[in-house]
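Report on the structure given below.
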Amino acid sequence: MWLSAMVNKHHGEFGPAKWLAFILEVVSSVVLLGLMLLTCTDVIGRYAFNNSVNGTTELTELALCIVVFCQLPIVTLTGTHVVVDILDRVLPDAFMKVSSLVINVGVAGGLFFVADRVWFQAARSLRRGVTTEFLLIPVAYFIQFVSIMLFVTAAVFVLKALSSLLSKSGGEA
């Protein structure tokens with residue numbers, strides 16, 4: 155019960171989107187904590203014992219991939235990305251609504267295309283058995299994760315487009 159209350163308190167989204175955002179934030183936070191511990195251990199090992207953690211660079215790259223792409227759908231859903239709204243006050247609401255719709259549909263289409271191409275690259279990497287150079291971690295699963303998060307983000311943009319279409323005032327891009 156306390157988990158549901160905490161999620162309701164900190165997330166303004168509705169339904170499954172709230173829980174998806176919560177799960178992605180937990181995954182992102184745990185990976186970020188691991189990344190901080192890895193970095194501290196690596197630095198202490200390097201300066202105190204003249205021996206760093208093997209594969210730190212690869213683990214850092216993979217962890218950053220997870221952190222960034224876990225946050226992408228959340229940032230899109232909550233609208234906390236950078237928005238330049240210089241002309242929003244002077245343009246009519248009808249224009250803002252249409253521009254929001256066009257922008258959201260365009261970005262969704264672009265992300266669907268990119269996600270499809272990334273999925274293709276993941277399949278190719280899986281077939282070829284591509285791994286990281288030092289730790290030999292299969293890269294394809296991380297690429298698939300990126301593709302899935304891009305598909306989720308594209309779906310969020312579609313929902314934002316529908317929301318701007320159905321709203322009475324000018325939408326937010």
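Reading the sequence shown from the start, the letters are residues 155 to 327 in the working numbering.
Here a beta-carbon is modelled for each residue, glycine too, at the ideal position from N, C-alpha and C.
Note that the structure is a prediction, hence the values are computed from the model and not measured.
Discussion item. Are the CB atoms of residue 318 and residue 254 within a distance shorter than 8 Å?
Written reply: Sequence index remark: in the sequence shown, residue 254 carries index 100 (1-based). Sequence index remark: in the sequence shown, residue 318 carries index 164 (1-based). Result yes, Cβ atoms of residue 254 and residue 318 sit closer than 8 Å.
Discussion item. What does the alpha-carbon distance come out to for the pair residue 176 and residue 314?
Written reply: Your numbering for residue 176 matches position 22 in the sequence shown. Your numbering for residue 314 matches position 160 in the sequence shown. One C-alpha to the other measures close to 19 Å.
Fill in: Start and end residues, alpha helix (DSSP H) containing residue 243
Residue numbering aside, residue 243 sits at position 89 when the sequence shown is read from its first letter. Unbroken run through residue 243: none, as it is neither H nor E.
Worksheet entry | Pair within 8 Å by beta-carbon distance, residue 304 and residue 241 | Locating residue 304 in the sequence shown gives position 150, counting from the first residue. Locating residue 241 in the sequence shown gives position 87, counting from the first residue. Contact: no.
Fill in: Strand pairing of residue 285, partner residues [DSSP]
In the sequence shown, the residue the question calls residue 285 occupies position 131. BP columns for residue 285 point to 292.
Worksheet item: To the nearest angstrom, how far is it from the Cα of residue 274 to the Cα of residue 282?
Response: Here residue 274 refers to the residue found at position 120 of the sequence shown. Here residue 282 refers to the residue found at position 128 of the sequence shown. If you take the alpha carbons of residue 274 and residue 282, they lie about 12 Å apart.
Fill in: For residue 267, the three-state DSSP class (helix, strand or coil)
Translated into the one-based positions of the sequence shown, residue 267 becomes position 113. The answer is helix: DSSP assigns residue 267 an H, G or I state.
Fill in: Outcome for residue 195 when other beta-carbon atoms lying within 10 angstroms are tallied against a minimum of 16
Stepping through the sequence shown from its first residue, residue 195 is reached at position 41. Answer is exposed; the Cβ neighbour count stays below 16.
Practice prompt. Please classify residue 279: does DSSP put it in a helix, a strand, or coil?
Written response: Your numbering for residue 279 matches position 125 in the sequence shown. Note: residue 279 maps to helix in three-state DSSP.
Worksheet item: Are residue 299 and residue 228 close, meaning C-beta to C-beta below 8 Å?
Response: As a first step, residue 299 is located in the sequence shown; it is residue number 145 there, counting from the start. As a first step, residue 228 is located in the sequence shown; it is residue number 74 there, counting from the start. Cβ distance not < 8 Å, so residue 299 and residue 228 don't count as in contact.
Discussion item. Can you determine whether any heavy atom of the ligand HEM sits closer than 7 Å to the C-beta of residue 272, and answer yes or no?
Written reply: In terms of ligand content, the structure shown is empty, and the ligand HEM therefore cannot be addressed.
Worksheet entry | Continuous alpha helix (DSSP H) stretch holding residue 188: start and end | Taking the first residue of the sequence shown as position 1, residue 188 is located at position 34. Residue 188 -> alpha helix (DSSP H) spans 170-202.
Discussion item. I'd like to check one pair, residue 284 with residue 277: are the Cβ atoms closer than 8 Å?
Written reply: Numbered from 1 along the sequence shown, position 123 holds the residue referred to as residue 277. Numbered from 1 along the sequence shown, position 130 holds the residue referred to as residue 284. Not in contact: residue 277 and residue 284 (Cβ atoms no closer than 8 Å).
Fill in: Same chain, Cβ closer than 7 Å to residue 205, five either side skipped, listed in chain order
Indexing the sequence shown from 1 puts residue 205 at position 51. If we look at residue 205 and ignore the five residues flanking it on each side, its Cβ neighbours are 199.
Worksheet item: At what residues does the alpha helix (DSSP H) containing residue 222 begin and finish?
Response: In the sequence shown, the residue the question calls residue 222 occupies position 68. Unbroken alpha helix (DSSP H) run through residue 222: 210-232.
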